[in-house]
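S.K.: To start, I am sharing the structure in question, which I have written as structure tokens.
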Amino acid sequence: MDAATVIGCFRDRSILITGSTGFLGKLLVEKILRVQPDVRKLYLLVRSPDAASAQHRVLTEVVGTELFDVLRRRHGADFNSLIKDKIFPLAGDIVYENCALPSSTIEQISKEIDVIVSVAATTSFYERYDVALASNALGVAHVCHLANKCGNLKMLLHVSTAFVAGDQEGLLMEKPFKPGESLRKGYNLDVQAEIKLVENFKSTLRVQSSSDKLEKKKMKELGLKRARHFGWPNVYSLTKALGEMLLGNLGRDLPVVIVRPSIILSTFQDSMSGWIEGTRTIDMLYVAYNDQKLPCFIADHNVISDMIPGDMVINSMMVAMAIHWDQHRAQAIYHVTSGHRNPLNYSITEESLYEYFRANPRVSNGGRIVKNKRVLLFKKYTHFHLYMILRYKIALEMLHVMSVFGGSFSKSYNKLNRGYNFLMLVAKLYAPYVFFKGCFDDTNMRKLWVATTTDKLNEDSMFDCDPACINWSSYLVNTHIPAVMVNSRNAT
Numbered sequence: 001m002d003a004a005t006v007i008g009c010f011r012d013r014s015i016l017i018t019g020s021t022g023f024l025g026k027l028l029v030e031k032i033l034r035v036q037p038d039v040r041k042l043y044l045l046v047r048s049p050d051a052a053s054a055q056h057r058v059l060t061e062v063v064g065t066e067l068f069d070v071l072r073r074r075h076g077a078d079f080n081s082l083i084k085d086k087i088f089p090l091a092g093d094i095v096y097e098n099c100a101l102p103s104s105t106i107e108q109i110s111k112e113i114d115v116i117v118s119v120a121a122t123t124s125f126y127e128r129y130d131v132a133l134a135s136n137a138l139g140v141a142h143v144c145h146l147a148n149k150c151g152n153l154k155m156l157l158h159v160s161t162a163f164v165a166g167d168q169e170g171l172l173m174e175k176p177f178k179p180g181e182s183l184r185k186g187y188n189l190d191v192q193a194e195i196k197l198v199e200n201f202k203s204t205l206r207v208q209s210s211s212d213k214l215e216k217k218k219m220k221e222l223g224l225k226r227a228r229h230f231g232w233p234n235v236y237s238l239t240k241a242l243g244e245m246l247l248g249n250l251g252r253d254l255p256v257v258i259v260r261p262s263i264i265l266s267t268f269q270d271s272m273s274g275w276i277e278g279t280r281t282i283d284m285l286y287v288a289y290n291d292q293k294l295p296c297f298i299a300d301h302n303v304i305s306d307m308i309p310g311d312m313v314i315n316s317m318m319v320a321m322a323i324h325w326d327q328h329r330a331q332a333i334y335h336v337t338s339g340h341r342n343p344l345n346y347s348i349t350e351e352s353l354y355e356y357f358r359a360n361p362r363v364s365n366g367g368r369i370v371k372n373k374r375v376l377l378f379k380k381y382t383h384f385h386l387y388m389i390l391r392y393k394i395a396l397e398m399l400h401v402m403s404v405f406g407g408s409f410s411k412s413y414n415k416l417n418r419g420y421n422f423l424m425l426v427a428k429l430y431a432p433y434v435f436f437k438g439c440f441d442d443t444n445m446r447k448l449w450v451a452t453t454t455d456k457l458n459e460d461s462m463f464d465c466d467p468a469c470i471n472w473s474s475y476l477v478n479t480h481i482p483a484v485m486v487n488s489r490n491a492t
């Protein structure tokens, strides 16, 4: 399969994309328009109350980003016409039935849509349980119901995560979940029971207190508790697994492709290197280190940190669509990962971090260079926890006693307590990843690598999705970490 074949699959097609205002969604919209301007229509489902606000969000949050600069330069004065002719915003929301679309709209688009790409999700490891369930699980169900109404649908492509595998060890296969399957033996996972649990929990909370802040805190704690009850490390991986289960049931009569990326990083090269939005997963640690909020952490240098650049995820999605176009078969699942093909361990990640900040030290407001110290790393969580007690907890107890005198004691206590709570929460959320002993099978993914690395593909391998070409040290130091730091400065 050459690049022309992949590009040709999108000619004169109508595609519905959810999550287009997110990182991957933007990359997909831009890539399709760049390689195939003869696509018929891109319907972008956007969370908005009306058509005008949906249009505004697309123009400002999607098309208005620097990611589209290549397209702007290529089309010049015709750029706005291209956007107007090809992009059709739809005001809706996947958390509601029919994705909150009016019946007249559904009737119209159901006759046109060839492909639905389900990208929308909440990706926070510490999200409210009700919010994560609505977006990552019920949202998939609502997209499936919409897909079943599309008579000409050639494919439903769903973006999940490789970490639906939880913290299992060994070789993790590209296989679907069974309905009700739990990672913890002897436990059955019922999405309706979880929804009922959430409703009852919220009702009880509202009787006890009217505080929105308390409800938010308790719902986050409930999500983490339920995830670990069933064997997942966090609410994100649990609800994404639930979404896959619902897709397997409700989409059993649909041509379905599931793409499971690992930790997604900035773009490697296409359409520009180092493009990123938001603070994504491990990037938060880079920012915290630069802000001197990470004096200690947990890590095993020998553990593989499975990461993949965002543009390679998009390339995988588009090639997978071309391979499975209009194939009425069981689910196809792809681990879009790097651990098997080009492993990156935490020792390389750590050294890349230090190398970048040695060359680019922090500068204080007064112009003084601030040298960042090495993070004190613990190979075991128990050792980290003991250190936190000795380094922080004892001092906090003493300051708590002295804070009755107010003034500097009270301020010192609050500052130290914030640092302590931050480190403990981050360690709790990231421990399953920094000690991850699994390896994602890439048998299916290899077919995409083969399809995109033959001599037939030209134009700078525009659909390359083989991570073997990545020099991790060079990419992290020269591309990804600089992009994260620029993005974090722009966000403040």
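Sequential numbering of the sequence shown, starting at 1, is according to the UniProt record's numbering. The C-beta atom is built at its ideal place from N, Cα and C for all residues, glycine as well.
Does the Cβ-Cβ distance between F440 and D311 come in under 9 Å?
M.R.: Not in contact: F440 and D311 (Cβ atoms no closer than 9 Å).
S.K.: Indicate whether G25 and N136 have their beta-carbon atoms separated by less than 9 Å.
M.R.: No, the Cβ-Cβ distance between G25 and N136 is not below 9 Å.
S.K.: Could you round the C-beta distance between T349 and L146 to whole angstroms and report it? I think they count as a contact, below 8 Å.
M.R.: Not really, about 40 Å apart at Cβ, beyond 8 Å.
S.K.: Using the DSSP secondary-structure output, state which residues sit across from A91 in a beta bridge.
M.R.: DSSP lists V46 as partners of A91.
S.K.: Hey, could you find the ends of the alpha helix (DSSP H) R226 is sitting in?
M.R.: R226 -> alpha helix (DSSP H) spans D212 to F230.
S.K.: Bridge partners for T279 per DSSP, in chain order?
M.R.: In the DSSP output, where bridge partners are listed per residue, T279 has none listed.
S.K.: Can you tell me which of the three DSSP states T65 falls into?
M.R.: Coil, per DSSP.
S.K.: Taking I394 as the reference, which of N417, L265, G407 and Y430 has the closest Cα?
M.R.: Of N417, L265, G407 and Y430, the residue nearest in Cα terms is N417.
S.K.: In the DSSP output, what is G19 paired with across the bridge?
M.R.: DSSP, once it has assigned bridges, lists no residue as partnering G19.
S.K.: Please classify P309: is it buried, with 16 or more other beta-carbons within 10 angstroms of its beta-carbon, or exposed?
M.R.: Buried, because 16 or more other Cβ atoms sit within 10 Å of the Cβ of P309.
S.K.: Could you please give the first and the last residue of the uninterrupted beta strand (DSSP E) stretch that includes I263?
M.R.: Taken as a continuous stretch (DSSP letters only), the beta strand (DSSP E) holding I263 covers I263 to L265.
S.K.: Take I264 and list the residues in its own chain whose beta-carbon comes closer than 8 Å to its own, dropping the five residues that flank it on each side.
M.R.: Result list for I264: F23, L24, R280, T281, M307, I308, P309, G310 and V313, in chain order.
S.K.: So, is V450 buried or exposed, given that buried needs 16 or more other C-beta atoms within 10 angstroms?
M.R.: Label assigned to V450: exposed.
S.K.: Is the beta carbon of V115 closer than 9 Å to that of L82?
M.R.: In this structure, V115 does not lie closer than 9 Å to L82 by Cβ.
S.K.: Taking the straight line between their C-alpha atoms, what separation do you get for R358 and S266?
M.R.: For R358 and S266, the distance between alpha carbons rounds to 21 Å.
S.K.: Relative to the C-alpha of K220, which candidate in S209, V198 and G231 has its C-alpha closest?
M.R.: When only C-alpha atoms are compared, the closest one is V198.
S.K.: Count the CB pairs spanning the stretch 363-380 and the stretch 283-297 that are closer than 8 Å, and state whether there are at least three.
M.R.: Judged by Cβ distances under 8 Å, the stretch 363-380 makes contact with the stretch 283-297, as three or more pairs qualify.
S.K.: According to DSSP, H335 sits in a beta bridge with which residue or residues?
M.R.: According to DSSP, which records beta bridges pairwise, H335 is partnered with R260.
S.K.: Taking all protein chains shown into account, do 16 or more other C-beta atoms lie within 10 angstroms of the C-beta of V486, making it buried, or fewer, making it exposed?
M.R.: With fewer than 16 Cβ atoms within 10 Å of its Cβ, V486 is classed as exposed.
S.K.: Where in the stretch 130-215 do unbroken runs of the beta strand (DSSP E), each at least 3 residues long, occur, reported from the N-terminal end onward?
M.R.: Those beta strand (DSSP E) runs which fall completely within the stretch 130-215 and span 3+ residues are 155-159 and 170-172.
S.K.: Which residues mark the beginning and the end of the alpha helix (DSSP H) in which G8 is found?
M.R.: Its alpha helix (DSSP H) spans residues A3 to G8.
S.K.: Between Y286 and N478, what straight-line distance do the alpha-carbon atoms span, to the nearest angstrom?
M.R.: Going by the C-alpha atoms only, they are around 14 Å apart.
S.K.: Just to confirm, is the Cβ distance from V46 to P102 under 9 Å?
M.R.: No, Cβ-Cβ distance for V46 and P102 is not below 9 Å.
S.K.: Grab the span of the alpha helix (DSSP H) containing I323 for me, first residue to last.
M.R.: Taken as a continuous stretch (DSSP letters only), the alpha helix (DSSP H) holding I323 covers G310 to I323.
S.K.: Return the residue from the list Q36, I304 and V29 that minimises the CA-CA distance to E61.
M.R.: With distances taken between Cα atoms, E61 lies closest to V29.
S.K.: What is the C-beta distance between C469 and L448, in whole angstroms, given that I count them as a contact (C-beta under 8 Å)?
M.R.: With 8 Å as the limit, C469 and L448 do not qualify as a contact, their Cβ atoms being about 14 Å apart.
S.K.: How would you call R368, buried or exposed, if buried means at least 16 neighbouring beta carbons within 10 angstroms?
M.R.: Label assigned to R368: exposed.
S.K.: For E459 and V39, I'd like the C-alpha separation in whole angstroms.
M.R.: The predicted model places E459 with a pLDDT of 47, which falls under 50 and marks its position as unreliable; any figure quoted below should be read in that light. Whole-angstrom Cα-Cα distance: 20 Å.
S.K.: Only counting runs of 4 or more residues, tell me where the alpha helix (DSSP H) segments fall wholly within the stretch 379-426, in order along the chain.
M.R.: You should have 381-388 and 394-402.
S.K.: With which residues is I304 paired in a DSSP beta bridge?
M.R.: DSSP lists N345 as partners of I304.
S.K.: Judging by CA-CA distance, which residue of S364, T382, V256 and L183 is the nearest neighbour of D326?
M.R.: Residue V256 is the option with its Cα nearest to D326.
S.K.: Can you find at least 3 beta carbon pairs, one from the stretch 124-134 and one from the stretch 171-181, that sit closer than 8 Å?
M.R.: Cβ pair count under 8 Å is below three, so no.
S.K.: State the CB to CB distance for the pair C9 and M321, rounded to an integer number of angstroms; the pair is presumed to be in contact (CB under 8 Å).
M.R.: With a Cβ gap of about 6 Å, C9 and M321 count as contacting.
S.K.: Measure the Cβ-Cβ separation of P261 and P432 and say whether it is below 9 Å.
M.R.: Not closer than 9 Å, so no.
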